[in-house]
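Top line first, the protein sequences correspond to chains A and B. According to our numbering, the first sequence is numbered sequentially starting from 5. According to our numbering, the second sequence is numbered sequentially starting from 14. Even glycine gets a Cβ: it sits at the ideal position worked out from N, Cα and C. Since we're looking at a predicted model, the values are computed, not measured.
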Amino acid sequence: MVIKKDYTNGLPDPSELKNEILAKYPRKVAKKRAKAMVVNDPEEQQEIAANIRTIPGIITQRGCTYAGCKGVVLGPTRDIINLVHGPIGCSFYAWLTRRNQTRPTEGEENFMTYAFSTDMQDENIVFGGEEKLKEAIREAFDMFKPKSIGIFSTCPVGLIGDDVHAVAREMKAELGINIFGFSCEGYRGVSQSAGHHIANNGIFKHVVGNDNRERTGKFQVNLMGEYNIGGDAFEIERIFEEIGVTLLSTYSGNSTVESFAYSHTADLNMVMCHRSINYIAEMMEEKYGIPWVKVNFIGAESTAKSLRKLADYFGDKELSAKVEEVIKREYAKVKAVADVIRPKVEGKLAMMFVGGSRAHHYQDLFNELGMKTVSAGYEFAHRDDYEGREVIPDIKIDADTRNIEDLVVEKDETHYREDLVKKKAELEKTGYTFKDYQGMMPEMKKNSLVIDDVNHWETEKLIEFYKPDVFCAGIKEKYVVQKYGVPLKQLHSYDYGGPYAAFGGAINFYKEMERMLATDIWKLVDAPWKHEPEIVGCVTADA
Amino acid sequence: MLLRHTTKEVKERKALTVNPAKTCQPVGAMYAALGVHGCLPHSHGSQGCCSYHRSALTRHYKEPVMAATSSFTEGSSVFGGQANLLQAIDNMFTIYEPEIVAVHSTCLSETIGDDLGQIVAKAKDDGKIPEGKHVVQASTPSYVGSHVTGYANMLEAFVKYFAFNTNEKVRQVNLLSGWVEPSDMREIKRIAEIMKVQNILLPDTSDVVDTPMTGKYEMYPKGGTTVKEIVSMGNSMSTIAMGEWCSKKAAIMLDNKCKVPFTMTDVAIGIKASDRFIQALSTAGKVSIPEAISEERGRLLDMVTDMHQYLYGKRVALWGDPDTLIPLTEFLLDLDMKPVYIVSGTPGKRFEKRMSEILCNKLPEAKVKNGPQADMFLMHQWIKEESVDLLIGNTYGKYIARDEGVPFVRMGFPIIDRVGHSYFPTVGYQGAIRILEKMLGAIMDKIDATTPEESFELVM
Chain A
5 MVIKKDYTNG LPDPSELKNE ILAKYPRKVA KKRAKAMVVN DPEEQQEIAA NIRTIPGIIT
65 QRGCTYAGCK GVVLGPTRDI INLVHGPIGC SFYAWLTRRN QTRPTEGEEN FMTYAFSTDM
125 QDENIVFGGE EKLKEAIREA FDMFKPKSIG IFSTCPVGLI GDDVHAVARE MKAELGINIF
185 GFSCEGYRGV SQSAGHHIAN NGIFKHVVGN DNRERTGKFQ VNLMGEYNIG GDAFEIERIF
245 EEIGVTLLST YSGNSTVESF AYSHTADLNM VMCHRSINYI AEMMEEKYGI PWVKVNFIGA
305 ESTAKSLRKL ADYFGDKELS AKVEEVIKRE YAKVKAVADV IRPKVEGKLA MMFVGGSRAH
365 HYQDLFNELG MKTVSAGYEF AHRDDYEGRE VIPDIKIDAD TRNIEDLVVE KDETHYREDL
425 VKKKAELEKT GYTFKDYQGM MPEMKKNSLV IDDVNHWETE KLIEFYKPDV FCAGIKEKYV
485 VQKYGVPLKQ LHSYDYGGPY AAFGGAINFY KEMERMLATD IWKLVDAPWK HEPEIVGCVT
545 ADA
Chain B
14 MLLRHTTKEV KERKALTVNP AKTCQPVGAM YAALGVHGCL PHSHGSQGCC SYHRSALTRH
74 YKEPVMAATS SFTEGSSVFG GQANLLQAID NMFTIYEPEI VAVHSTCLSE TIGDDLGQIV
134 AKAKDDGKIP EGKHVVQAST PSYVGSHVTG YANMLEAFVK YFAFNTNEKV RQVNLLSGWV
194 EPSDMREIKR IAEIMKVQNI LLPDTSDVVD TPMTGKYEMY PKGGTTVKEI VSMGNSMSTI
254 AMGEWCSKKA AIMLDNKCKV PFTMTDVAIG IKASDRFIQA LSTAGKVSIP EAISEERGRL
314 LDMVTDMHQY LYGKRVALWG DPDTLIPLTE FLLDLDMKPV YIVSGTPGKR FEKRMSEILC
374 NKLPEAKVKN GPQADMFLMH QWIKEESVDL LIGNTYGKYI ARDEGVPFVR MGFPIIDRVG
434 HSYFPTVGYQ GAIRILEKML GAIMDKIDAT TPEESFELVM
């Protein structure tokens, strides 16, 4: 039996654990990793090393720039052919593995079930792959007649000097559809994060603003950084529909390029995953004057708070009343389930190492169940996601960040929303906050251990020290952690469950925690004879 | 419809691959390296490669899959990855303490021209490889061949590095298993044991990617071919290499380096391929075939003859790797089934030759394609043109199966939506019984679900 630590009087100081972890590392590695591990004190402004290179040879959770660009941001968009320019693997691994659900209408385009690749061969590496890329675009157009094609560069593309942007321009002119490229070679950045930025830039440059559609609703918003894993976006869409808010576009769960094109006609951008999408929200504000607010639809309380924030923005009595009505009704359902499950899981310990926002947002769900988050960290976030946006001016711009284009955005005089700028200024006077992401660390308990880009060795030591009841990470960590007898909840894929967003999602998550934490199956792991004295055998017949 | 844009009109493609029936070399190298005891695979490239390969293998096995990466950035891509790999080797041995690090390259490190051999030699000179520990390297460019090529290259690297002929012949046979499941490797060992043939199986992923739940995590599980065993392969009487694409290179290396002759045979899938394997084992081990093996074969044939009516004439579409598709096609033909569409993204002219030899008498009209643009999209188009009764291939087939309402048996890599492949073999006679059981189950489930009520059968 695992002896549990008693954390009722606060979390223990994990400094000793930190030292033990570092002791195993070569000196240079220890020096770097020490800065990525912070014993949290919410009262202090502490600095964490984040968005820096992973040390070679370290078993990291992180993926590459291509994964962030093609896999995360553009992956969930259905009406575009995402053509991967490179050897076959990159396209193969990003084929349907991220669980972004989508709901096309009858006859509408949906290319998400397909993988498109130029399948580069050695002769393309030696002599260049541009001609093959052009031919592949022609063939894709010829067979599928898409309205848009995105080209995603994999590692060798940049190295051999294929100019995907020139090819895109040429083919756009030849075929008369929107074609654009992404220089998202795997090595471009230190993690997926660079790919998010590159994807944001590409969509903003080539798609946003292409369709100056007339208004279709009284309150028009975009939801950003919500990827519809396991149907999360559907849960949120359902509420918006009920309260009468028109969701123009989601970046990018259940989305279309068509909707990105008119997303600049929104009155407000609501940002869920700050890390992956804040760039486009910022650029839309600069160009069109659309303000953005940070929201979170993970957890019932956060959902209610975010809906109220939305209603307050529009300042419409009818909308506010509708929001309150929905909150009241849904809260009753949520509470009924929480009341049953909370006593079974209260006080249990969770830790989570995932993403660029989920490791923060999911703490809300655990709080609602009375569970404690003892340690957490992101896989690819930046300092602002830990410490809050106010540190952005202090973040050192290193060579890896300089690699990524920073778009120069100018005001669009025709479509700039002076009315929204005025509205924002007035609301700010009343204490309403915009761009208000405070990060994960101020919300975590004293002495919780915050770790950026956690690796395998650290994971082992964390489990040994905290003996958590549930560990949240991804597929690569899942079975490692479970071999220790600790259940792991995947927060990338939700273990093929969900949705976990909004009120319905909270109920699903509570029930999932009940399944994982109130079960007796882990007690079966030890065979009964392991705890009994061995029977001494005798070979004689009459024994 | 899940694949709503797929139509039956086949247009010639020269550049575009849609829904591939292959993936890239490094994942094969990683899988092969997991079959060596105490080995930590290392991906010399960008982080994403390692992350994707680990994820793919983990989803397939639902087991820990450990590997490290050189974590290339723009700088290393410009100036070369030597510094990254040297640091990685030092870090791995210090932090994760493997016996062996098996480095494979990626399209990135190959394109910039990193010479793995030179970098590993430098690591040795610099004292970064602890005494008694090893670094093995294989060149696995993603833009050549496919995942099976990477498997073959890594395997060749292991025997090249370790196998050694000390001129003391050992009465044992080398078995190169091909890319099969841990269950299959276990089955191969079981068969060899029944046959009383002393053997070294390389690689051996049983007890590595099918480990028991104990409440303890072991970074290097008890399975895997040991260094000592691989060294001794150089003294074996002979080698049986199963599957040309995966095992031939290593067999040739053993022959060239250690003068161990080899027999090339197919992966033992189905009746005849299993027969050939058993006969090869009998010849190589200089043993007679025991009655227990004949009985296993007999049980398989009994099931085949009992259930023949449900299999006869059934049209099958299959995709996957040449080493598996060749004996599987032969097996289906032996059952009087019709493997009408066969696709493999893995290139190699021998595939068409072998397939036409197998198909020419019974089913010359079968459509077979491998290499560039031989993908699941094309196969689906063929199915749209004229449907089939059964699909056999990896998990990606489920989209076609649902759209077309065709029964589906999962075989190959990856299988990420069902379990069982780790535990129940498809090689040997027992394995053939499992394939039969799966095919019959799928076919009969459809009969039960769709037959009119008046002809619904209790006994089948």
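{"Query": "For B:K380, list the residues DSSP reports as bridge partners.", "Result": "B:Y354"}
{"Query": "With a cut-off of 8 Å, do at least 3 Cβ pairs link the segment 368–378 of chain A to the segment 506–514 of chain A?", "Result": "yes"}
{"Query": "How big is the Cα-Cα spacing for B:I446 and B:G311?", "Result": "11 Å"}
{"Query": "Locate the alpha helix (DSSP H) running through B:Y44, then write down its first and last residues.", "Result": "Q38 to L47"}
{"Query": "I'd like to know whether the C-beta atoms of B:S122 and A:T58 end up nearer to each other than 8 Å.", "Result": "no"}
{"Query": "If contact means a Cβ-Cβ distance below 9 Å, which residues of the segment 164–196 of chain A contact chain B?", "Result": "I164, E189, G190, Y191, R192, G193, V194, S195 and Q196"}
{"Query": "How big is the Cα-Cα spacing for B:V432 and B:P385?", "Result": "31 Å"}
{"Query": "Contact between the segment 295–306 of chain A and the segment 431–445 of chain A is defined here as three or more beta-carbon pairs at a separation below 8 Å; is this criterion met?", "Result": "yes"}
{"Query": "A:P150 and A:F115: beta carbons closer than 8 Å?", "Result": "yes"}
{"Query": "Could you say which of B:G361, B:R367, B:L324 and B:K366 lies nearest to B:M350 if we only look at CA atoms?", "Result": "B:L324"}
{"Query": "Would you tell me roughly how many angstroms separate the C-alpha atoms of A:I155 and B:S155, rounded to the nearest one?", "Result": "19 Å"}
{"Query": "Rounded to the nearest angstrom, how far is the Cβ of A:D251 from that of A:V225, given a contact under 8 Å?", "Result": "One detail in the question is off: residue 251 of chain A reads as Leu in this sequence, not Asp. At roughly 6 Å, the Cβ-Cβ gap stays under 8 Å, so A:L251 and A:V225 are in contact."}
{"Query": "Please identify the residue among A:K28, A:P160, A:L311 and A:Y191 whose C-alpha is closest to the C-alpha of A:L227.", "Result": "A:L311"}
{"Query": "Name the two residues that bound the continuous beta strand (DSSP E) containing A:G154.", "Result": "S152 to S157"}
{"Query": "According to DSSP, is A:W533 part of a helix, a strand, or is it coil?", "Result": "helix"}
{"Query": "Please report how far the alpha carbon of A:V395 lies from the alpha carbon of A:E51, in whole angstroms.", "Result": "9 Å"}
{"Query": "Closest to A:M355 by CA distance: which of A:L179, A:D456 and A:G257 is it?", "Result": "A:D456"}
{"Query": "Measure the alpha-carbon distance for A:Y436 versus A:K313 and round it to whole angstroms.", "Result": "8 Å"}
{"Query": "In terms of residue numbering, what span does the alpha helix (DSSP H) encompassing B:F290 cover?", "Result": "G283 to G298"}
{"Query": "On the CB-based measure, 16 or more other CB atoms within 10 Å of its CB, does A:I331 come out buried or exposed?", "Result": "buried"}
{"Query": "Locate the alpha helix (DSSP H) running through A:I85, then write down its first and last residues.", "Result": "Careful: A:I85 lies outside any alpha helix (DSSP H), inside the beta strand (DSSP E) at I85 to H89."}
{"Query": "For A:H535, count neighbouring Cβ atoms within 10 angstroms of its own Cβ and tell me buried if that reaches 16, exposed if not.", "Result": "exposed"}
{"Query": "Under 8 Å between C-beta atoms, does B:L189 make it to chain A?", "Result": "no"}
{"Query": "Apart from the five residues on each side of it in sequence, which residues of its chain come closer than 8 Å, Cβ to Cβ, to A:E20?", "Result": "none"}
{"Query": "According to DSSP, simplified to helix, strand and coil, what is A:M5?", "Result": "Since pLDDT at A:M5 reaches only 47, below the 50 mark, its modelled position is unreliable, and the value read off the structure follows with that caveat. It is coil, neither helix nor strand."}
{"Query": "If I measure Cβ to Cβ from B:M424 and keep anything under 6 Å in the same chain, skipping five residues before and after, which residues do I get?", "Result": "I405"}
{"Query": "Give me the subset of the segment 101–122 of chain A whose CB atoms are less than 9 Å from a CB atom of chain B, sorted by chain position.", "Result": "T101, P108, G111, E112, E113, N114, F115, T117, Y118, A119, F120, S121 and T122"}
{"Query": "Along the chain, where does the alpha helix (DSSP H) that runs through B:L129 open and close?", "Result": "L129 to D138"}
{"Query": "Hey, how far is the Cα of A:V33 from the Cα of A:A380?", "Result": "21 Å"}
{"Query": "In chain order, what residues of the same chain lie with their CB nearer than 6 Å to the CB of B:F275, ignoring the 5 residues before and after it?", "Result": "T252, A254, A264 and D268"}
{"Query": "Three or more beta-carbon pairs under 8 Å between the segment 342–356 of chain A and the segment 473–482 of chain A, yes or no?", "Result": "yes"}
{"Query": "Taking a Cβ distance cut-off of 7 Å, strictly less, list which residues of the segment 407–437 of chain A are near chain B, in chain order.", "Result": "N407"}
{"Query": "In or out: B:Q322 buried (at least 16 other Cβ within 10 Å) or exposed?", "Result": "exposed"}
{"Query": "Which word fits A:G90, buried or exposed, when buried means at least 16 other C-beta atoms lie within 10 angstroms of its C-beta?", "Result": "buried"}
{"Query": "Name the chain B residues whose beta carbon is nearer than 7 Å to that of A:E394?", "Result": "Near A:E394 there are no residues of chain B at all, since even the closest Cβ is about 28 Å away, more than 7 Å."}
{"Query": "At the 8 Å Cβ level, is B:N374 part of the contact set with chain A, yes or no?", "Result": "no"}
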